[in-house]
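In my numbering, the protein residues as written are 1 to 69. Every residue gets a Cβ at the ideal spot worked out from N, C-alpha and C, and that includes glycine.
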Amino acid sequence: MTEKSVWMVDQLAAAKIVRELDLAITAEQTERLAALLAEHRVDTLDLGVTRIQSVISQAVRDVLISAES
Numbered sequence: 001m002t003e004k005s006v007w008m009v010d011q012l013a014a015a016k017i018v019r020e021l022d023l024a025i026t027a028e029q030t031e032r033l034a035a036l037l038a039e040h041r042v043d044t045l046d047l048g049v050t051r052i053q054s055v056i057s058q059a060v061r062d063v064l065i066s067a068e069s
């Protein structure tokens with residue numbers, strides 16, 4: 001995933017952080033926080049996908065090796 005567009009979940013998380021920490025920040029800063037959360041969400045998903053691909057690749061290699069035996 002390379003798209004890091006801000007989703008509603010990012011906006012809701014940003015608003016909750018601002019509210020829970022009682023931050024006095026501008027709307028622009030809240031939007032930036034949402035964008036940072038979006039980047040984190042995408043990076044986390046990318047990491048998960050990479051790990052899953054690695055596990056699948058290893059499983060395929062294991063099957064191919066055992067089929068050769």
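- DSSP places Leu21 outside both helix and strand once states are collapsed to three, so it counts as coil.
- Non-local C-beta neighbours of Ala14 in its own chain, meaning closer than 7 Å and more than five positions away in sequence, comprise Thr30, Leu33, Ala34, Leu37, ordered along the chain.
- Judged by their CB atoms, Lys4 and Glu28 are not nearer to each other than the 9 Å cut-off.
- Buried is the label assigned to Asp10, since at least 16 other Cβ atoms lie within 10 Å of its Cβ.
- Separation of Lys16 and Leu23 (C-alpha to C-alpha, rounded to the nearest whole angstrom) is 10 Å.
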